[in-house]
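Colleague: Dropping the structure in here first, questions after.
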Amino acid sequence: TYSSMKHSDKIFMGMTTSPKNAEDVLDMCEILFGEGFLEQHAVATGNCNGNSPLVWDQVMLGGMRAFCRRNQPVLCSPFVLGGANTPASTAAAVAQPNA
């Protein structure tokens, strides 16, 4: 996070590994860009993965809520691991999260 803030002026991937980490990243962004800047500008994006299609745990939902409260973009995608939480065949693994 620090390197992304120091060496680039582009939007970067914020941490959503816990609600606290998401809040910390967004607090750092507010310190860097100034109070109120995040309300009108996207500076960090959160990547939240569901455990399987349509199943979300509290950690990902907490990170998602933190980014949404600060008006920052969130990428929501299913976590697909062939043979673990989806069928092992390629066609079925592609079909399940798109069903």
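Numbered per the numbering used here, the sequence shown finishes at 1290, counting up by one with no gaps. Where a beta carbon is used, it is the ideal one built from N, C-alpha and C, also for glycine. No experiment lies behind these values; they were computed from the predicted model shown.
1) For Q1249 and C1267, what's the separation of their Cα atoms in angstroms?
2) Could you check what DSSP says for L1223 in three-state terms: helix, strand or coil?
3) Roughly how many angstroms lie between the CA atoms of P1269 and P1288, to the nearest whole one?
4) Taking the alpha carbon of C1220 as the reference point, which residue from G1273, A1286, T1236 and P1210 has its own alpha carbon closest?
5) Mapping the DSSP letters down to three states, classify M1206 as helix, strand or coil.
Modeller: Let me lay it out:
1) About 14 Å.
2) Look at L1223 here: in three-state DSSP terms it is helix.
3) The alpha-carbon atoms of P1269 and P1288 are separated by roughly 7 Å.
4) Ranking G1273, A1286, T1236 and P1210 by Cα distance to C1220 puts T1236 first.
5) Coil.
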